[in-house]
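Note sheet for the following structure.
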């Protein structure tokens, strides 16, 4: 049975299966890249600055860790991440996949993530660099 998950305020529309209340994606994915359009229901587990130990408003950028093991990161401060709280439920959908990646390098998957509580969304990659980069 399919369920349609809609976050109308953020414009995020994606499809998940009924048993996907806590899908377990990994960063890097356990079985290769996720599929374009795949969506995951999960929760925010950490919000911090891009650099370890830096506050989310400390100037190094933003990073969010999700319960399914995926991180999203930006060199910029992302207000939608700052407005989020640990424990917030989110839906994240794969909107772009990197190409021609070396084996085992899963960096550069881009997710659009919508926060159910704030009704805000952001689109960020799972790493600071694309696969094969620095």
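Residue numbers (the numbering used here): 4 to 137. Heads up, the beta-carbon is just placed ideally off N, CA and C, and yes, glycines get one too. Keep in mind it's a predicted model, so treat the numbers as computed, not measured.
Taking C-beta atoms under 8 angstroms as the contact rule, residue 107 and residue 133 fail to qualify, at a distance of about 14 angstroms.
Here residue 127 is buried. Its C-beta has 16 or more other C-beta atoms within 10 Å. In this structure, 92 is the residue among 92, 38, 100 and 63 with its C-alpha nearest to the C-alpha of residue 117. In this structure, residue 81 places its C-beta atom within 8 angstroms of the C-beta atom of residue 125.
Annotation for residue 82: the continuous alpha helix (DSSP H) segment containing it runs 82-85. In the structure shown, residue 39 falls within a coil segment according to DSSP collapsed to helix, strand and coil. Its chain contains 46 and 47 as the residues whose beta carbon lies nearer than 7 angstroms to that of residue 90, once the 5 sequence neighbours on both sides are disregarded; these appear in chain order. Note: residue 96 is bridge-paired with 42 and 115 in the DSSP secondary-structure output.
Residue 49 sits exposed, since fewer than 16 C-beta atoms from the chains shown fall within 10 Å of its C-beta. Around the C-beta of residue 44, 16 or more other C-beta atoms lie within 10 Å, and the residue is accordingly described as buried. Here the alpha carbon of residue 72 sits roughly 10 angstroms from the alpha carbon of residue 129. With distances taken between CA atoms, residue 51 lies nearest to 74 out of 74, 38 and 96. Following the DSSP letters along the chain, one finds residue 126 inside the beta strand (DSSP E) bounded by residues 124-128.
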